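Report on the following structure.
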Amino acid sequence: MVGLVVVSHSRDAAAGIVEVAAQMAGEDAPIVAAGGGPDGGIGTSAPRIESAIEEADDGDGVAVLVDLGSAVMNAELAIETGDVTARIADAPVLEGAVEAAVAATAPDASLDDVVAIAEGAYDSRKL
Amino acid sequence: MTEHADESEAVREAILEAADRIEEKRTYLTDLDSAIGDADHGANMARGFGAVAERVEGMDDADPAEIVKTVGTTIISEVGGAAGPLYGGSIMSASTALADGVTAETTVAFAEAYLEKLTDRGGARVGDKTMVDALTPAVHTYKKSIEIDGLPPVEALAKAVDAAERGVAYTVPLRARKGRASYLDWRSVGHQDPGATSTLILAEAILDVAVEHLDGDVERDARDPAVIRAEEEGLDLAEAVEDEPEGAE
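Here the protein sequences come in this chain order: A and B. UniProt numbering puts the first sequence at residues 1 to 127. UniProt numbering puts the second sequence at residues 1 to 249.
Here is the structure:
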C-alpha cells in the first residue's frame, strides 16, 4: 500500500491532518505526521521527514503532502537523501491528504495514482 | 595530518568566525525577519551555526571538503526554517567541489555549485528579494575577478563581498516574490532582506579570515554608499537607502 507523510510547520497541524485523513482510510493506513522544526517549534525538518517517509513505506512508495515554503524544500531534501521512492503531491495539504488517503486504499493503487488524485484536490471548490 | 592541513585549518577558522558573527548578529537578523517574515532567522541561524562550530572544532584531521560537508549536514539537521535546506543543502552539495583542496579554481567551482543548487532548491531569481540577490552578484564577481581579471583570490573575494553588500542594499526597495515576505507583497517594499543579510555576514567572515592566510591587497573600493552612510550615521540600512541625502546624485 502506498504510504503518506504529512509535513506541516506545526507539529499539531500535521498530527491533526493525519487524524482527519486516517478517519477516511482506516486505522491501519500508513499515514505519518512530520510536523515542526528540529526543536519541535514552528518549522520543518528534513531528517524528521526522512524518518517519517521510511516509517510510512511498505515497499510501494510514499506520497508526501506539504504546507508552506521550507516544507517543500525540506521534503525534497529528505527524498533526495533517503532510499525510499517518494514524491511530493502539489496539493493543498489537508484536502490532498484526505484524497490521497482514500486513493491509497484502492486495490493496486500506485504511487503515481495516489499523487495524481491528491493533486486533483486543487479542483475541489468549497462554494 | 592530511594533504591539505593548512587549508583545513583556514576553512575551520572561517567557519568558527562565521559562527561568532551570526551569534553576534542574532537579534539584528531576527529584527529584520520580524519586519517581513516569521521572526526566526536570527535564532535559526545562531542555533545552526552554534552546532556547526561545535562539530567543526573537533575536526582536526579532516579535509576541507569533509569539513564543509559537515557544515551542510549540521545545518540541515539543526535549522528549521527555509535557511536549513537552502544553506545546508547547498553547502552539502557544493562541498564536493573542494575535493582537491582550496584553490582559486576549486573555490570558483564551489561558489558556482552553491549558487546553482540554492537557486534550484528555492526557485528564486535575482530581484525576488531573497538571499539570491546578495549571492548572485557575489558569485559572478568572484568568478569574473579570478577567471577574466586574473586577480588573486583574496582580492577577488573582497570584490565579491562588496557585490554582496550592494545586493543587500538592492533588496530594500524591492517587492518580495519568494519566501515568507512574499505574503506581505507590496508591504515588503522598504525592508532589507534577512537572508541576503546573513549571506553577506558569512561572506565577510570568509574574507576576513582569508586575508590572514593569503597574499594580496584588499581594497573595499566598491562598497554601497548607502551602507557606508548607514554605518557612519548609525542608521538602519533601509533608512539610508530610502532617504538619499540632499545633493546626492
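Think of the CB as a built atom: it goes at the ideal place given N, C-alpha and C, for glycine as much as any other residue. The structure displayed is predicted, hence computed values, not measured ones.
Per DSSP, residue i forms a beta bridge with which residues?
i	result
B:V56	None; B:V56 has no bridge partner.
B:A18	Paired residue(s): none; B:A18 is not in a bridge.
A:G3	A:V62
A:S8	A:G35
Does the beta carbon of residue i come closer than 9 angstroms to any beta carbon on chain A?
i	result
B:H82	The question names His, but residue 82 of chain B in the sequence shown is Ala. True, the Cβ-Cβ gap to chain A drops below 9 angstroms.
B:D236	no
B:G122	yes
B:D38	yes
B:P194	no
B:L135	no
B:R229	no
B:L86	yes
B:R180	yes
B:R125	no
B:G50	no
B:R47	yes
B:G89	yes
I'd like the span of the beta strand (DSSP E) that includes residue i, first residue to last.
i	result
B:G216	No beta strand (DSSP E) contains B:G216, which DSSP labels as neither H nor E.
A:A29	Premise fails: A:A29 is in no beta strand (DSSP E) and is neither H nor E.
A:I88	A86 to A89
By the criterion of Cβ-Cβ separation under 9 angstroms, what are the contact partners of residue i in chain C?
i	result
A:P47	In the structure shown, chain C cannot be found, because the protein chains are A and B.
Quick one: is residue i buried, meaning 16 or more other Cβ sit within 10 Å of its Cβ, or exposed?
i	result
B:E244	exposed
A:R57	Contrary to the premise, residue 57 of chain A reads as Asp rather than Arg in this sequence. A:D57 comes out buried.
A:Y122	exposed
A:P30	buried
A:T44	buried
A:P107	exposed
B:R187	exposed
B:R180	buried
A:S124	exposed
B:D6	exposed
B:E78	buried
B:I206	buried
B:K117	buried
B:E57	exposed
B:R12	buried
B:Q192	buried
B:E54	exposed
B:R47	buried
B:G234	exposed
B:A14	buried
B:G81	buried
B:D185	exposed
B:G195	buried
A:L127	exposed
Give the range of the alpha helix (DSSP H) segment to which residue i is assigned.
i	result
B:A65	P64 to E78
A:V72	G69 to T81
B:H140	V132 to E147
B:V227	P225 to E233
B:Y28	R26 to I36
A:P92	Careful: A:P92 lies outside any alpha helix (DSSP H) and carries neither H nor E.
B:R180	No alpha helix (DSSP H) holds B:R180; DSSP gives it neither H nor E.
A:A109	Neither: A:A109 is in no alpha helix (DSSP H) and is coded neither H nor E.
B:Y170	P153 to T171
A:I49	A46 to A56
B:Y114	A104 to G122
B:E3	Counting along the chain, B:E3 falls outside any alpha helix (DSSP H), and DSSP gives it neither H nor E.
B:L237	L237 to E242
B:S90	S90 to A94
Contact check, residue i vs residue j under 8 angstroms by CB: the rounded distance?
i	j	result
A:E119	A:A89	5 angstroms
A:V7	A:A91	Going by Cβ atoms, the distance from A:V7 to A:A91 rounds to 12 angstroms, so no, they are not a contact pair.
B:D100	B:T107	About 11 angstroms separates the two Cβ atoms, so there is no contact after all.
B:T30	B:A51	About 18 angstroms separates the two Cβ atoms, so there is no contact after all.
B:V211	B:V154	6 angstroms
B:A138	B:A164	4 angstroms
B:P64	B:H140	Not confirmed; about 23 angstroms, so no contact.
Could you check whether the Cβ of residue i sits closer than 9 angstroms to any Cβ belonging to chain B?
i	result
A:I17	no
A:G35	no
A:E54	no
A:G43	yes
A:S70	yes
A:P92	no
A:D112	no
A:L77	yes
residue 204 of chain A	What is shown of chain A runs 1 to 127, which leaves residue 204 of chain A out entirely.
A:M24	no
A:M73	yes
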